[in-house]
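*Asks:*
Residue numbers (my numbering): 5 to 414.
(1) Applying the criterion that 16 or more other CB atoms from any shown protein chain within 10 Å of the CB defines a buried residue, is residue 63 buried or exposed?
(2) Taking 8 angstroms as the cut-off, decide whether the C-beta atoms of residue 232 and residue 270 are in contact.
(3) What's the gap between the Cα of residue 72 and the Cα of residue 35?
(4) Kindly say whether residue 62, judged by its beta-carbon, lies nearer than 8 angstroms to any beta-carbon of chain B.
(5) Among 16, 364 and 353, whose alpha-carbon lies nearest the alpha-carbon of residue 376?
(6) Determine the direct distance from the alpha carbon of residue 222 to that of residue 46, and round the result to whole angstroms.
(7) Express the C-alpha separation of residue 358 and residue 384 in angstroms, rounding to a whole number.
(8) Residue 259 and residue 28 - do their beta-carbons sit closer together than 8 angstroms?
(9) On the DSSP letters alone, give me the boundaries of the beta strand (DSSP E) that residue 334 sits inside.
(10) Closer than 7 angstroms to a non-hydrogen atom of the ligand HEM - does that hold for the CB of residue 319?
(11) Using the beta-carbon count (16 or more within 10 Å), is residue 13 buried or exposed?
(12) Within this structure, are the beta carbons of residue 51 and residue 207 separated by less than 8 angstroms?
(13) Specify whether the region 126-137 and the region 84-97 touch according to this definition: at least 3 beta carbon pairs, one from each stretch, less than 8 angstroms apart.
(14) Does residue 392 come out as helix, strand or coil in the three-state DSSP assignment?
(15) Can you check the region 38-93 for any alpha helix (DSSP H) of at least 4 residues that lies completely inside it and give the ranges in chain order?
(16) Only counting the same chain, and skipping five residues up and downstream in sequence, which positions put a Cβ closer than 8 angstroms to that of residue 197?
(17) In angstroms, rounded to a whole number, what distance separates the CA positions of residue 349 and residue 334?
(18) Looking at residue 194: is its Cβ nearer than 8 angstroms to the Cβ of residue 49?
(19) Any idea if residue 280 is buried or exposed, counting beta-carbon neighbours within 10 angstroms, 16 or more meaning buried?
(20) Helix, strand or coil: how does DSSP classify residue 220 here?
(21) Hey, could you find the ends of the alpha helix (DSSP H) residue 269 is sitting in?
(22) When DSSP labels each residue in this structure, what does residue 27 get in the three-state scheme?
(23) So, is residue 10 buried or exposed, given that buried needs 16 or more other C-beta atoms within 10 angstroms?
(24) In the DSSP assignment, find the unbroken alpha helix (DSSP H) run with residue 231 in it and report its ends.
(25) Would DSSP call residue 293 helix, strand or coil?
(26) How long is the line joining the alpha carbons of residue 370 and residue 361, rounded to whole angstroms?
(27) Report the rounded CA-to-CA distance for residue 153 versus residue 308, giving the unit in angstroms.
(28) Measuring CB to CB, does residue 78 end up less than 8 angstroms from residue 129?
(29) Classify residue 280 as helix, strand or coil using the three-state DSSP reduction.
(30) What does the alpha-carbon distance come out to for the pair residue 246 and residue 319?
(31) Taking the alpha helix (DSSP H) that residue 192 belongs to, which residues open and close that run?
(32) So, at 8 angstroms on beta carbons, what are the nonlocal neighbours of residue 84 in its own chain, with the 5 sequence-adjacent residues on each side left out?
(33) Give every residue of the same chain whose Cβ lies closer than 7 angstroms to the Cβ of residue 200, excluding the five residues on either side of it in the sequence, and list them in chain order.
(34) Check whether the Cβ atoms of residue 68 and residue 20 sit closer than 8 angstroms, and answer yes or no.
(35) Residue 274 and residue 244 - do their beta-carbons sit closer together than 8 angstroms?
(36) Measure the C-alpha to C-alpha separation of residue 216 and residue 336 and round it to an integer number of angstroms.
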């Protein structure tokens with residue numbers, strides 16, 4: 005069995021695939037929720053406001069995804085985006101804003117995820133000028149990486165001709181052109197926690213509506229510990245993100261708890277990603293972590309898979325089956341078909357024996373005859389047990405007087 009389980013036994017490895025040739029997805033935001041819950045037990049990690057003049061870093065694509073009441077033409081779109089950026093800076097009393105967006109290369113390990121998101125339909129639309137109409141299906145428009153590239157470049161070119169009548173310094177970053185962060189993306193929060201030592205005094209704004217909050221990254225690091233924060237990127241990627249598969253049936257909380265259970269796992273994930281090639285020692289620890297993730301004490305994946313397929317079950321004898329002379333049989337019931345007093349509820353129909361001879365079924369079962377019997381001139385207690393029911397209403401009234409509760413009326 006151990007040799008067999010060294011193979012994936014299919015066209016794709018099922019623990020890492022949903023069976024439809026795509027990666028197993030997981031709830032990424034669950035990791036941030038776990039970290040916040042743990043931090044709360046140590047100290048309050050949220051603040052009402054950030055210090056004045058703190059730099060504001062805005063996730064540009066996250067802002068574009070949340071735009072509403074879009075203008076009819078693209079000419080007004082850069083101004084609308086800029087108004088929201090400046091409004092955010094003013095509300096947080098920031099004098100510097102970094103508007104940062106992703107790049108979307110044609111060949112990317114995130115391409116599978118972007119293709120999945122665009123599965124309901126997308127179309128490449130090139131932007132030629134300001135008078136061009138804003139795509140009516142804006143969400144589908146943003147589902148294609150090429151469209152995002154064109155849309156991000158368009159405001160950059162427009163903003164170069166604008167004069168900001170404020171004391172706010174706007175820094176625009178896209179690709180190789182080149183602090184509070186505003187983003188709902190858990191990935192950004194994990195990166196902040198990992199590099200908080202190099203970039204201190206970060207505040208992360210996330211959440212929607214009444215769940216919106218500002219997280220002090222420094223407070224989170226102090227509560228969680230620097231070693232754990234150094235390991236978060238490696239854990240986040242290994243347990244499933246946009247470009248890597250999650251383990252089937254295993255979420256972020258389980259992976260985090262297993263990592264926290266052993267310091268060597270924390271150190272392992274802190275080193276994961278430092279080089280493109282993982283060392284044999286790192287792979288060994290990752291194998292052991294994966295086994296623990298599935299509740300097994302093995303240190304090798306193949307051994308763990310073989311054990312998972314072996315059930316140490318007891319004999320079926322006594323568990324709904326019976327085994328006699330090597331033959332297994334079903335035990336249909338462990339009780340009689342009915343209570344004993346019902347099973348012995350027999351009746352006879354004696355006509356000449358007076359129920360005093362062996363032919364009487366009641367006598368055979370050592371029971372007295374009852375009204376159910378059709379016997380005649382019974383000598384087995386039937387006539388002796390008969391009682392007369394009173395018909396006199398006065399007798400009934402006398403009985404009622406002895407009751408502790410009023411009689412029922414019909």
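All C-beta atoms, glycine included, are put in the ideal place defined by N, C-alpha and C.
*Replies:* If we stick to the structure as given:
(1) buried
(2) yes
(3) 29 angstroms
(4) Note that chain B does not occur in the displayed structure, where there is just one protein chain.
(5) 353
(6) 13 angstroms
(7) 7 angstroms
(8) no
(9) 331-334
(10) This structure does not include the ligand HEM; it has no bound ligands of any sort.
(11) exposed
(12) yes
(13) no
(14) Residue confidence for residue 392 is low, a pLDDT of 43 falling below 50, so the modelled location carries little weight; the figure read from the coordinates is stated next. Here residue 392 sits in coil by DSSP.
(15) 64-69
(16) 39, 221, 224, 225, 228, 233 and 236
(17) 29 angstroms
(18) no
(19) exposed
(20) strand
(21) 267-275
(22) strand
(23) exposed
(24) 230-242
(25) helix
(26) 12 angstroms
(27) 45 angstroms
(28) no
(29) coil
(30) 46 angstroms
(31) 190-198
(32) 71, 74 and 75
(33) 206, 221, 222, 225 and 233
(34) no
(35) no
(36) 60 angstroms
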